[in-house]
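The block underneath contains the structure these notes are about, expressed in structure tokens.
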């Protein structure tokens, strides 16, 4: 679904949704938080050679699953705990985020819609450079119809999982110290 004139792009909507959730977890207001508008990218006619606004390394041949099944799942993605084994580099545990593509058998346009969402996420994530934001290493094939995103592994899970689990006793001030630098990063995109 494309944005109508005057509506925020998909990328901005996803950022706002993420920031709103973070603000709820940290118990502070979303008022006054500026977000940059992103230009929408035109969908390509084929996703077999899906391109991104920034070049990402293909890590497919260096990725090894730790288990047969996904580590976690949500409505739109499956997360796999994997190992990145590159020559002459230390082995590291990574997260592989595979996008689900429901309805692909009924309509080939569904793949194009999901490819557009993937490009928007990569466009934003590849521009983020901050110690409180996981680094995007590259992409990998073989996890879904679309390329999967390879990033640092978060031992404590997502920010939400951490704050609802081991970090639930963190004070409001400490939560603010965690979130404030992340919101500054979003101001720059």
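Numbering (UniProt numbering), first residue to last: 1 to 189.
The beta carbon of each residue, even a glycine, is placed where N, CA and C say it ideally should be.
What you are looking at is a predicted structure, and each value in this text was computed from that prediction instead of being measured.
The straight-line gap separating the alpha-carbon atoms of residue 137 and residue 63 is approximately 12 Å.
Taking 9 Å as the cut-off, the beta carbon of residue 99 is found no closer than this to the beta carbon of residue 116. For residue 78, the secondary structure class from DSSP, reduced to helix, strand or coil, is strand. Each of 101, 150, 170, 79 was checked against the Cα of residue 57, and the nearest Cα belongs to 150. Listed in chain order, the alpha helix (DSSP H) runs fully inside the UniProt domain "Protein kinase" (65 to 189) are 108 to 125, 159 to 164, 172 to 187, counting runs of at least 4 residues.
A residue is called buried when at least 16 other Cβ atoms come within 10 angstroms of its Cβ; residue 174 does not meet this threshold and is exposed. Pairwise C-beta distances place the region 159 to 174 out of contact with the region 106 to 126, as fewer than three of them are shorter than 8 Å. With a beta-carbon spacing of about 34 Å, residue 60 and residue 167 fall beyond the 8 Å limit used to define contacts. The straight-line gap separating the alpha-carbon atoms of residue 94 and residue 86 is approximately 12 Å. Taken atom to atom, the span from the alpha-carbon of residue 97 to that of residue 106 is near 24 Å.
Cβ-Cβ separation between residue 134 and residue 152: approximately 4 Å, consistent with a contact (criterion under 8 Å).
Excluding its 5 nearest sequence neighbours in each direction, residue 156 has C-beta neighbours in its own chain below 7 Å: 162, 166, listed in chain order.
Here the C-alpha atom of residue 145 lies approximately 16 Å from the C-alpha atom of residue 122. Take the alpha-carbon of residue 114 and the one of residue 72: they are about 20 Å apart.
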